[in-house]
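Residue numbers for the sequence shown follow the numbering used here, beginning at 4 and rising by one.
Here is the structure we will look at.
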Amino acid sequence: ACVKWLDDLVTVENVCDIFQQAQALDETDLSSKCLDFITQNGRLVLQLLSFENLSSYCVELIIKQNELCAKEEEVYEAVKGWAQSECARRNITPCADSMRKVLGGLHNHIRYVQMDRKYFADRVIVDDILTAEEKLHLSRSFLGSDSLDTTCFIKTARKPFFQQKRRVLRFPSLAFPCPTAPNIHAIEFKCSRRVLLTGIVIYGTTFSLRNPRRTSSSLSFLSNVSVKLLDDSKCTIV
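Now the structure itself:
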């Protein structure tokens with residue numbers, strides 16, 4: 004009951020705190036839902052102070068998501084802010100060397116080659132968190148070299164969930180009109196994760212007084228079509 008209560012209360016402002024608690028309590032379902040929420044609202048969540056209070060494990064789970072909705076510049080700034088806060092928690096000076104130490108392998112999940120070149124040159128190189136060899140490899144990649152060590156750095160761009168479209172068909176084919184009188188028809192479906200519904204295609208039913216299967220009859224009618232979208236509580240959304 005407590006977990007369900009927390010699940011219903013998830014917002015951008017508190018999702019990091021709930022995510023951390025879910026991980027600590029080994030609540031897999033709640034943790035997964037929080038991670039999906041963070042992934043879809045990445046640009047907002049990464050700016051929060053609560054992100055900097057996450058454990059390194061939670062931070063890694065977030066920034067390694069291929070569907071994370073955020074620019075790499077935003078990911079870098081968030082991770083750098085987390086490293087500064089982690090240095091403070093360990094009572095060490097947040098210099099480049101100590102920040103690199105507390106980051107461990109987290110920086111490998113930042114997709115540097117997807118950054119704006121000017122930003123990389125003016126911010127990332129100047130911050131000096133990367134080693135000289137890493138800077139060289141990444142700089143060469145920006146210039147078109149294929150020699151980037153993909154075991155350390157990821158070259159491919161992220162693909163946020165709203166860019167991944169799926170088309171779901173109720174029927175594999177349409178061979179003949181619906182032989183029933185105009186009626187209320189409904190389709191019920193449930194998603195295992197949050198989705199963005201971008202559109203629907205509806206075929207209106209037809210009805211003939213002479214022969215329901217013969218729509219060419221002069222007495223056939225097209226039914227009026229209206230659409231209602233309901234949530235899982237049967238409450239009208241649209």
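For glycine and all other residues, C-beta sits at the position ideal for the given N, C-alpha and C.
Since we're looking at a predicted model, the values are computed, not measured.
Do you know offhand how far residue i's Cα is from residue j's?
i: Leu-146; j: Glu-70; result: 26 Å
i: Pro-163; j: Asp-39; result: 11 Å
i: Ala-189; j: Leu-200; result: 16 Å
i: Ser-148; j: Asp-125; result: 21 Å
i: Ser-219; j: Gln-43; result: Its pLDDT being 49, under 50, Ser-219 is placed unreliably by the model, and the measurement read from it follows with that caveat. If I take the Cα positions, the gap works out to 49 Å.
i: Tyr-60; j: Thr-14; result: 21 Å
i: Cys-19; j: Gly-107; result: 21 Å
i: Ser-236; j: Val-230; result: 17 Å
i: Ala-160; j: Arg-143; result: 18 Å
i: Lys-36; j: Asn-17; result: 13 Å
i: Arg-170; j: Ile-41; result: 24 Å
i: Gln-50; j: Ala-99; result: 21 Å
i: Leu-52; j: Gln-68; result: 20 Å
i: Lys-101; j: Asp-130; result: For the record, residue 101 in the displayed sequence is Ser; it is not Lys. Distance between the alpha carbons of Ser-101 and Asp-130 is about 12 Å.
i: Leu-232; j: Val-204; result: 13 Å
i: Gly-202; j: Arg-120; result: 37 Å
i: Val-116; j: Leu-141; result: 7 Å
Please work out which residues of its chain come closer than 6 Å, Cβ to Cβ, to residue i, disregarding the five sequence neighbours upstream and downstream, and give them in chain order.
i: Glu-76; result: Met-118, Tyr-122
i: Gly-45; result: Leu-71, Cys-72, Ala-73
i: Ile-157; result: Arg-114
i: Ile-128; result: Lys-138
i: Ala-135; result: none
Using 9 Å as the threshold, is the C-beta distance between residue i and residue j below it?
i: Glu-89; j: Val-105; result: yes
i: Arg-103; j: Ile-132; result: yes
i: Ile-113; j: Val-78; result: yes
i: Val-48; j: Ile-66; result: no
i: Glu-63; j: Leu-109; result: yes
i: Gln-24; j: Ser-58; result: no
i: Asn-111; j: Cys-155; result: yes
Apart from the five residues just before and just after residue i, which ones in its own chain have a Cβ nearer than 7 Å to its Cβ?
i: Glu-55; result: Gly-84, Trp-85, Ser-88
In the DSSP assignment, what residue or residues form a beta bridge with residue i?
i: Thr-3; result: With the chain represented from 4 up to 241, any question about residue 3 goes unanswered, as that position is not in the structure.
Just to confirm my understanding: we take residue i, look at its own chain, exclude 5 residues before and 5 after, and list those with CB closer than 8 Å. What are they?
i: Ala-4; result: The predicted position of Ala-4 is uncertain, since its pLDDT is 48 and thus under 50; no value can be drawn from it.
i: Lys-193; result: Asp-235
i: Leu-12; result: Ile-21
i: Pro-97; result: Ala-86, Gln-87, Cys-90, Ala-91
i: Trp-173; result: Position check: residue 173 holds Arg in this sequence, whereas Trp was assumed. Excluding residues within five positions, the ones whose Cβ falls inside 8 Å are Ile-190.
i: Thr-239; result: Lys-231, Leu-232, Leu-233
Please tell me whether, using a cut-off of 8 Å, the distance from the CB of residue i to the nearest non-hydrogen atom of the ligand ADP is below it.
i: Lys-162; result: As for the ligand ADP, it is missing from this structure, which has no ligand bound.
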